Structures are given as C-alpha cells and as structure tokens.
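Since the structure comes first, as structure tokens, the remarks are kept for the end.
There are 2 protein chains.
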Amino acid sequence: MLICEKIAEIRDFVRKRKGQGKTVGFVPTMGYLHRGHTALVERARGECGAVVASIFVNPLQFGPKEDFAEYPRDFDRDRRMLEEYGVDALFYPSVGEMYPCGFCTHVEVPGLAGCLCGRSRPGHFRGVATVVTKLFNIVQPDRAYFGQKDAQQVLVIKKMVEDLNMPVEIVAVPTVREEDGLAMSSRNVYLSPDQRAEAPVLYRSLQEAARVAAGGERDARRLVEMVRDRLSRVNGASIDYVEIRSLPDLKETERLDSPALLALAVRFGKTRLIDNIVLEV
Amino acid sequence: MLICEKIAEIRDFVRKRKGQGKTVGFVPTMGYLHRGHTALVERARGECGAVVASIFVNPLQFGPKEDFAEYPRDFDRDRRMLEEYGVDALFYPSVGEMYPCGFCTHVEVPGLAGCLCGRSRPGHFRGVATVVTKLFNIVQPDRAYFGQKDAQQVLVIKKMVEDLNMPVEIVAVPTVREEDGLAMSSRNVYLSPDQRAEAPVLYRSLQEAARVAAGGERDARRLVEMVRDRLSRVNGASIDYVEIRSLPDLKETERLDSPALLALAVRFGKTRLIDNIVLEV
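Chains as they are written, first to last, in this note's numbering: chain F, 266 to 546; chain A, 266 to 546.
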C-alpha cells in the first residue's frame with residue numbers, strides 16, 4: 266500500500282490507475298478505524314479497480330469546545346488494517362497540507378445542515394462539505410463510500426454532489442454494529458465500562474420505534490416520545506435530540522406518509538453518540 | 266460547433282475529446298459577447314486541443330434589484346461569433362438545468378468577496394463561485410479563461426480553485442478596450458450617447474494614477490483621491506468605489522510596497538461600470 270502525505274503524490278497515483286482504465290473507489294476517514302470503516306473498504310474493493318482511503322482528522326468540522334485535540338488516533342494500527350483489507354493507496358495529509366496559511370473558502374448545504382447534528386454542532390457540516398469537496402478534487406474518485414451511521418452526513422454530501430454536479434457517485438453503506446447493537450464509532454472508546462453497558466439502549470430504542478411504526482403508528486410525535494421516554498430512564502444519559510425527519514430533505518415530519526429518518530444524539534458524560542434508523546411505512 | 270443544452274451532452278463531448286488525449290480549454294460567459302470574450306477564446310484555441318464555451322446568465326450572481334431580467338442577450342449572434350472563433354462545443358443550459366428545484370448548496374470565498382464589488386453587490390461572488398464550481402465540475406476543463414477586467418472575480422476564482430484543490434488552471438487574460446480606452450463590457454450597450462462619451466474617463470483616471478505611482482508616489486490615499494477627484498468632475502457619474510488593494514489577497518493598503526490593484530466602480534445613471542489597473546512599484 267502506497268502512503269501519500271502530499272496531494273501531488275496521491276494525484277499521481279490516481280492518474281496512473283485511471284490511465285490503466287481502472288475505476289477508483291475512495292473511502293475518506295478520520296482514522297481510528299473499526300469494522301464500520303472496513304465494511305466501506307470491502308464494498309469499494311468489490312466494486313472498483315483501485316481503492317484509495319484517506320485518514321485526516323479534519324479540524325474544520327470540530328467546534329471550538331469539541332474533541333479535535335483528543336480525537337483518538339492510531340496511525341500504525343490504521344495502516345495495517347487498510348493494507349490487510351486491500352487498500353491500494355492511503356492519503357494521509359497534515360493539517361498544513363490541507364489548510365495552508367490563508368485558507369478561507371468553504372462549501373455550505375444550508376438546506377440540510379441546520380437541523381439534527383447541525384443544530385448541536387454549528388459549522389460541523391460546513392467543515393464536512395468543505396473537506397469532502399477538497400478530498401474529491403484531490404482524489405477524483407469514481408465512487409466514494411460513507412457509513413449510514415452518519416445519516417445526515419450522507420444526505421448532505423449527496424445533496425452537495427448533486428447541486429454542484431460533482432462527477433462522483435456516493436455509496437451509503439449500512440451501519441456496522443457490535444453484538445449488542447451499539448453502532449461502531451471511533452468515539453465508543455471514550456465510554457466508561459458503565460456507559461458502555463448502557464449505550465446499546467440507543468439502538469434498542471430505535472428498533473422499538475421502528476417496530477411500532479411498522480405496526481401502523483403514523484404519529485411522529487408519539488414515536489419520538491416513546492424513544493425519549495426510554496432514553497430518559499437511562500442512568501447518565503442526556504438527550505441531545507431525538508427527531509423524525511423526511512428523506513432525503515430532512516424536513517420536519519408530523520405524520521409518516523413515506524419512509525423517514527428517526528435519528529438521535531445522546532451524551533454519556535462528555536461523549537456524544539449518534540444513531541439512526543429508517544422508518545419504513 | 267456542437268450546442269449542448271444538457272449537462273450530460275457536454276460531459277459526453279468532453280469525455281470523448283479527453284479520450285483522444287486532448288486538453289480542454291473552457292471559456293465561461295454570460296453571452297452578449299464582445300472582443301473581450303473572443304480574446305479569451307483565441308487564447309484557449311491557441312493553448313488547448315478542444316475549446317468549450319458556455320453561455321449562462323447566472324441568476325445567483327445578481328442581486329434582487331440588479332439587472333438579471335434586462336441583462337442583454339443575443340444567442341444567434343453569440344453562436345455565430347463562437348463558431349467563427351473556433352469553439353468546438355457550446356454549453357447553453359437553461360436555469361432549470363443548472364438550478365433544479367431544491368437547489369441549495371453554495372461556495373463562498375469570504376476572505377476576498379467582502380470588499381470592492383462584493384460590498385456593493387452582497388452575494389454576488391457567492392453566486393459566481395457557486396456557478397463556476399458547477400461549470401468546472403460539469404465541463405472538467407484543464408484550463409479556464411477569465412478576463413482581467415473582472416479582477417476581483419479572477420482573484421476569487423483563483424483562491425477558490427487553490428483552496429478547494431480544483432484540478433483546473435485559471436488563466437487571466439488582459440482587458441480588451443475600445444479605441445478610446447473604455448473596457449469592453451456587455452453592459453456598455455446600456456449607455457446613452459452622452460454617457461458613452463464620458464465613460465473613457467474611467468480608464469484615463471486609472472492610467473493617470475498608474476503614471477503618478479510609477480513616478481514614485483507611494484501613498485495609496487493620495488492616488489485614490491486623485492482618481493476620485495477626476496471622476497467627481499464628470500457629469501452624470503456617481504462613484505461606487507475607488508480603492509487600492511493588495512494583490513492577491515485584496516487587503517487594505519496605505520503604502521504601495523508591492524504591486525497593488527487600483528479598482529473602481531462608477532454608475533452612469535442605472536449602468537454600473539467597473540475597471541482596474543495594476544500599479545507596479
């Protein structure tokens with residue numbers, strides 16, 4: 266696996282592979298990889314002639330009081346995992362390589378970025394949209410792979426790609442979970458043993474709501490209340506949001522007339538976890 | 266010359282030409298072409314294997330009280346001119362093709378877009394950056410050509426391309442002028458005969474200031490005052506701005522220690538004209 270710290274190097278790699286007629290799949294990550302990430306790589310490996318991954322903890326998508334400095338990092342382990350899963354080239358730039366002095370341009374998708382995680386994390390999706398635009402322009406992949414766990418991120422990126430006519434196909438890959446249902450996340454490592462034992466309640470409460478919706482409940486507020494009620498009884502959990510929103514435009518929804526996103530964010534101490542499920546009707 | 270109203274058509278054209286190993290030059294315009302535009306085409310024709318032009322009056326870059334509806338249009342004349350100058354394909358999309366229902370994403374370059382024309386025309390450069398991003402993603406040119414008359418636009422686009430790592434080279438082409446020095450502009454057609462007779466004062470005042478700067482004057486305020494004084498004596502002219510700003514970052518400048526941009530915008534009745542000159546030191 267080729268490791269490229271410079272933009273010119275990864276561009277050169279991609280140019281050569283495209284010159285050989287290969288399609289290029291791209292898996293952007295912030296590192297500290299888990300099986301959610303390797304599922305993205307496996308999917309890309311199956312669909313593309315060349316697979317590029319990136320590891321870049323993007324300062325632009327963290328708020329001033331968020332965990333950029335403490336975000337977990339383990340480059341050697343990540344590198345070995347990506348190599349093992351068959352990644353051809355890893356783009357691993359420094360912050361200075363991505364954001365040189367004087368950097369100021371940004372990309373915004375205001376229609377989708379103001380609610381859910383965007384309300385709790387102002388500027389987050391602007392940082393995501395901007396770095397993803399940069400990574401797409403650098404790597405110029407044919408397809409890029411994102412995890413459905415970050416459902417709003419997937420919708421923002423799909424909308425940005427569509428609105429700006431970016432020549433890349435976005436592939437959303439189902440959330441990978443621990444045995445007990447907790448969605449894989451690099452931030453799970455922050456959880457204390459007690460918090461870790463409680464955390465599966467997130468997905469269980471989503472599943473319960475999905476079952477009730479599948480049973481005929483169409484009132485979004487009642488479904489949300491059900492989830493909130495369940496979560497509020499958990500020791501040490503504090504709800505950031507529980508919401509049902511339309512797909513793909515994330516509008517507020519009172520009645521479920523078409524598939525909708527039930528999404529939540531919950532804090533365990535300082536650790537903020539998110540999860541979501543699509544309510545089929 | 267191929268005329269493409271659909272994104273898929275122009276993409277198909279470019280893909281084929283690139284497949285033949287040709288470099289692609291791109292000249293984006295809002296139509297109502299003049300010799301400033303044909304200078305861009307000539308430059309592209311000399312440097313690239315295939316030349317694509319676009320005509321699109323971009324509503325996003327016009328303010329609510331600006332001249333979008335009245336902006337001059339003459340497609341048949343434009344088409345003939347582009348064909349005569351050797352353009353291979355013309356992208357001529359509808360507003361609906363570029364901005365389908367629900368469009369919301371935009372690109373901003375706040376560091377450069379808030380001053381000069383950006384102050385008089387809030388949202389203008391956001392509209393420019395957004396449409397140029399779309400056009401670049403659609404056409405995927407190797408090089409794109411812009412006129413130096415719109416100096417701030419060139420700087421905004423170069424900064425955007427650099428910050429977002431867009432794989433395109435921006436070429437700025439010198440302003441083309443009428444015999445009497447008036448910069449070519451599609452909006453010159455709005456001028457009454459009297460206004461047209463006065464309008465060359467814009468470039469004459471810029472040239473005077475450049476001569477005084479070349480003669481050793483380093484005080485930006487004095488140079489600006491010289492130009493303002495000259496313009497204020499013109500019948501029917503109303504100054505929007507006259508400013509000297511650093512290159513390429515458009516910071517306010519008190520002393521000329523390096524080449525700087527002297528730029529102005531002046532209204533003749535409802536018609537707003539701009540011009541600029543680089544002060545060499």
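Backbone N, C-alpha and C define an ideal beta-carbon position, used for all residues, glycine too.
Predicted model only: the values in this text are computed from it and were never measured.
{"query": "Close-in-space but distant-in-sequence residues of the same chain around R282 of chain A (CB under 8 Å, 5 per side omitted)", "result": "V289, G314, A315, D353"}
{"query": "L471 of chain A: contacting residues in chain F (beta-carbon distance under 7 Å)", "result": "The contacting residues do not exist; L471 of chain A stays about 27 Å from chain F at best."}
{"query": "Beta-carbon separation (whole angstroms), V433 of chain A vs V317 of chain A, contact threshold 8 Å", "result": "That belief does not hold up - the Cβ atoms of V433 of chain A and V317 of chain A are roughly 12 Å apart, past 8 Å."}
{"query": "Separation of S451 of chain F from M431 of chain A, as counted between CA atoms", "result": "30 Å"}
{"query": "7 Å CB neighbourhood of R469 of chain F in its chain, flanking five on each side removed", "result": "G446"}
{"query": "C-beta neighbour in chain A for N430 of chain F, strict 8 Å", "result": "yes"}
{"query": "Check whether V438 of chain A and V393 of chain A have beta carbons under 8 Å apart", "result": "no"}
{"query": "A304 of chain F beta carbon near the ligand ATP (any heavy atom closer than 7 Å)", "result": "You won't find the ligand ATP in this model; it holds no ligand whatsoever."}
{"query": "Pair within 8 Å by beta-carbon distance, M295 of chain A and F321 of chain A", "result": "yes"}
{"query": "In chain order, each beta strand (DSSP E) run of at least 3 residues that lies wholly inside the region 335-360 of chain A", "result": "354-356"}
{"query": "Backbone secondary structure at E463 of chain A - three-state DSSP", "result": "helix"}
{"query": "Cross-strand partners of P293 of chain F (DSSP beta bridge)", "result": "F:S319"}
{"query": "For S385 of chain F, the first and last residue of its enclosing alpha helix (DSSP H)", "result": "382-385"}
{"query": "Same chain, Cβ closer than 6 Å to I542 of chain F, neighbours up to 5 away in sequence not counted", "result": "L471, A475, L527"}
{"query": "Bridge-paired residues (DSSP) for H371 of chain A", "result": "F:E373"}
{"query": "Unbroken beta strand (DSSP E) run spanning D540 of chain A, endpoints", "result": "536-544"}
{"query": "Cβ pair M449 of chain F, R300 of chain F closer than 8 Å", "result": "yes"}
{"query": "Spatially closest choice to F390 of chain F from F:A378, F:K399, F:L400, by CA coordinates", "result": "F:A378"}
{"query": "Min CB distance H302 of chain A to chain F below 8 Å", "result": "no"}
{"query": "Neighbourhood of S503 of chain A by C-beta distance below 6 Å, restricted to the same chain and skipping five residues each side", "result": "R532"}
{"query": "Within chain A, the residues that E373 of chain F reaches when beta carbons sit closer than 9 Å", "result": "C369, T370, H371, V372, E373"}
{"query": "Any C-beta of chain F under 8 Å from that of T536 of chain A", "result": "no"}
{"query": "Member of A:E482, A:L298, A:V507 whose CA lies at the smallest distance from the CA of Y336 of chain A", "result": "A:L298"}
{"query": "Beta carbon of A409 of chain F nearer than 8 Å to that of F291 of chain F", "result": "yes"}
{"query": "Which of helix, strand or coil DSSP assigns to D494 of chain A", "result": "helix"}
{"query": "Simplified DSSP assignment, three categories, for L515 of chain A", "result": "coil"}
{"query": "DSSP-derived helix/strand/coil call for F390 of chain F", "result": "helix"}
{"query": "Interface residues of chain A facing D514 of chain F [CB-CB closer than 9 Å]", "result": "G367"}
{"query": "Chain-order list of residues whose beta-carbon lies under 7 Å from that of P324 of chain F (same chain, five-residue window excluded)", "result": "F333, V360"}
{"query": "Residue span of the alpha helix (DSSP H) that contains F327 of chain F, given as start and end", "result": "Premise fails: F327 of chain F is in no alpha helix (DSSP H) and is neither H nor E."}
{"query": "DSSP-derived helix/strand/coil call for G501 of chain A", "result": "coil"}
{"query": "Status (buried if at least 16 other CB within 10 Å, exposed otherwise) for D522 of chain F", "result": "exposed"}
{"query": "Assigned secondary structure, Y410 of chain A (DSSP; H/G/I helix, E/B strand, else coil)", "result": "strand"}
{"query": "Cβ-Cβ distance between I509 of chain F and A525 of chain F below 8 Å", "result": "yes"}
{"query": "Residues, ordered as in the chain, of the region 403-437 of chain F that lie near chain A by beta-carbon distance below 7 Å", "result": "I403, Q405, K424, M425, D428, L429, N430, M431, P432"}
{"query": "Proximal chain A residues relative to G392 of chain F, where beta-carbon distance stays under 8 Å", "result": "Residues of chain A passing the Cβ test: none, with the nearest at roughly 13 Å."}
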